[in-house]
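Visitor: By our numbering, the letter at position 45 of the sequence shown is numbered 45, and the numbering carries on one by one without gaps.
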Amino acid sequence: MRRLLIVVDMQKDFVDGALGTKEAQAIVPYVIRKIKEYEADGQEVVFTLDTHFDNYLDTMEGKKLPVVHCVKGTPGWELAGELKAFTGKKFEKHTFGSMELAAYVEKGSYDTVELVGLCTDICVISNAMVIKAAVPEMTIQVDGSCCAGVTPKSHENALNAMKMCHINIVDGNGSQDLG
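1) Taking only the alpha-carbon atoms, compute the straight-line gap between G108 and G88 and give it to the nearest angstrom.
2) Is the beta carbon of T48 less than 7 Å from the beta carbon of D9?
3) Do the CB positions of H52 and D13 come within less than 7 Å of each other?
4) Quick check: D111 and M1, are their CB atoms within less than 7 Å of each other?
5) V15: which of M164, A158, I167, C147 sits nearest, CA to CA?
6) Exposed or buried, D143, counting other C-beta atoms within 10 Å across all chains shown (16 or more means buried)?
7) If you follow the alpha helix (DSSP H) that D13 is in, where does it begin and where does it stop?
8) Give the secondary structure of C70 by DSSP, where H, G and I count as helix, E and B as strand, and everything else as coil.
9) If you reduce the DSSP assignment to three classes, tell me which class D143 lands in.
10) By Cβ distance below 7 Å, which residues in the same chain neighbour K64 in space, the five residues on each side in sequence not counted?
11) Note down, in chain order, each residue of its chain lying with its Cβ closer than 6 Å to the Cβ of F86, except the 5 sequence neighbours on either side.
12) Apart from the five residues just before and just after Q25, which ones in its own chain have a Cβ nearer than 7 Å to its Cβ?
13) Compare the beta carbon distance of A102 and A134 with 7 Å and say whether it is the shorter of the two.
14) Hey, would you say Y38 sits closer than 7 Å to L5, going by beta carbons?
15) Jot down the residue ranges of each uninterrupted beta strand (DSSP E) in the stretch 83 to 137, minimum 3 residues, whole runs only, in chain order.
16) With burial defined as no fewer than 16 other Cβ atoms inside 10 Å of the residue's Cβ, what is the status of A165: buried or exposed?
17) For D41, tell me which candidate among N55, Y30, V7, R3 has the shortest Cα-Cα distance.
18) Anyone know if the C-beta pair for I140 and V113 falls short of 7 Å?
Structure follows, in C-alpha cells:
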C-alpha cells in the first residue's frame, strides 16, 4: 500500500512566531511522531511551506490578515524546531491550497494521502479539498490530533466540513470519526 503524508505549513511563524498558538505548539510532538512512523514504514513525506514576500501586505491575503508571516528567507518561513531536520520534497505555496501539490498527488498513484499540520481551518482544509477535487476516488484522511486551527472551534468546524466531503477524519491511533 502506497501512502503519502503531507505536512502542511509547520513553520516557525505558525508554531511560535507571528501567528503561533499554544495549540500549534502542542501538536509538534505528534507531527514528529507521525513523520517518523511514515519514514520507518518506507512511505513518502512531503511538506508545504506558506511562502510570502516583502509585498505581503499589498496582497489580498495581506489586506484580510495584516500580519506579516512566512516571508521567504526569514526564520519564520522555516520549518519549526525539530521539524527542520526532516527531509522531503517541499512545496512552496503562495496561497492556501497548492495546485502543484494536487497534481503531484494525482500523478503519484498513492492508495492513501494523509494531511497533518496548520491551520486546520485554512491551509489543511484547502489542500484536502483541492486534492479531493483532483483525485476524488483516492482515500484522503486528516489526523485531527496532528492539526490545529486558528481557534479550537474553527479547528472542529473544519474537521466536520471535511468529514462531510468524504475526507476521513482520524485521531493519532487511526480510529475514525474524531471531531
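No residue lacks a Cβ here, since even glycine has one placed at the ideal position from N, Cα and C.
Guide: So, from the listed chains and residues:
1) Within the sequence shown, residue 108 is the residue found at index 108, counting from 1. Within the sequence shown, residue 88 is the residue found at index 88, counting from 1. If I take the Cα positions, the gap works out to 15 Å.
2) Taking the first residue of the sequence shown as 1, we reach residue 48 at position 48. Taking the first residue of the sequence shown as 1, we reach residue 9 at position 9. Contact flag set, yes.
3) In the sequence shown, residue 52 corresponds to position 52, counting from 1. In the sequence shown, residue 13 corresponds to position 13, counting from 1. Going by beta carbons, H52 and D13 fall outside the 7 Å limit.
4) By 1-based counting over the sequence shown, the position of residue 111 is 111. By 1-based counting over the sequence shown, the position of residue 1 is 1. A Cβ-Cβ contact shorter than 7 Å links D111 with M1.
5) The residue labelled residue 15 in the question sits at position 15 within the sequence shown. Selected option, being the one with the closest Cα: C147.
6) Counting from one through the sequence shown, the residue named residue 143 turns up at place 143. Note on D143: 16 or more other CB atoms within 10 angstroms of its CB, so buried under the neighbour-count rule.
7) Residue mapping note: residue 13 aligns to position 13 of the sequence shown, counting from 1. For D13, the enclosing alpha helix (DSSP H) stretches over residues 12 to 15.
8) Numbered from its first residue, the sequence shown carries residue 70 at position 70. Taken through DSSP and simplified to helix, strand or coil, C70 comes out as coil.
9) Residue mapping note: residue 143 aligns to position 143 of the sequence shown, counting from 1. Look at D143 here: in three-state DSSP terms it is strand.
10) Along the sequence shown, read from residue 1 onward, the residue named residue 64 stands at position 64. Answer for K64: no residue qualifies.
11) In the sequence shown, residue 86 corresponds to position 86, counting from 1. Closer than 6 Å at Cβ, skipping near neighbours: I35.
12) As a first step, residue 25 must be located in the sequence shown, where it is residue number 25. Here the set comprises V15, D16.
13) The residue labelled residue 102 in the question sits at position 102 within the sequence shown. The residue labelled residue 134 in the question sits at position 134 within the sequence shown. Going by C-beta atoms, A102 is nearer than 7 Å to A134.
14) The residue labelled residue 38 in the question sits at position 38 within the sequence shown. The residue labelled residue 5 in the question sits at position 5 within the sequence shown. In this structure, L5 lies closer than 7 Å to Y38 by Cβ.
15) Runs found: 90 to 93, 112 to 118.
16) Reading the sequence shown from its first residue, position 165 is the one you call residue 165. Residue identity check: residue 165 is Cys in the sequence provided, not Ala. It is exposed - the Cβ of C165 has fewer than 16 other Cβ atoms within 10 Å.
17) Working through the sequence shown from its first residue, we reach residue 41 at position 41. Taking the Cα of D41 as reference, the smallest distance to any Cα among N55, Y30, V7, R3 is reached at R3.
18) As a first step, residue 140 must be located in the sequence shown, where it is residue number 140. As a first step, residue 113 must be located in the sequence shown, where it is residue number 113. The Cβ atoms of I140 and V113 lie closer than 7 Å to each other.
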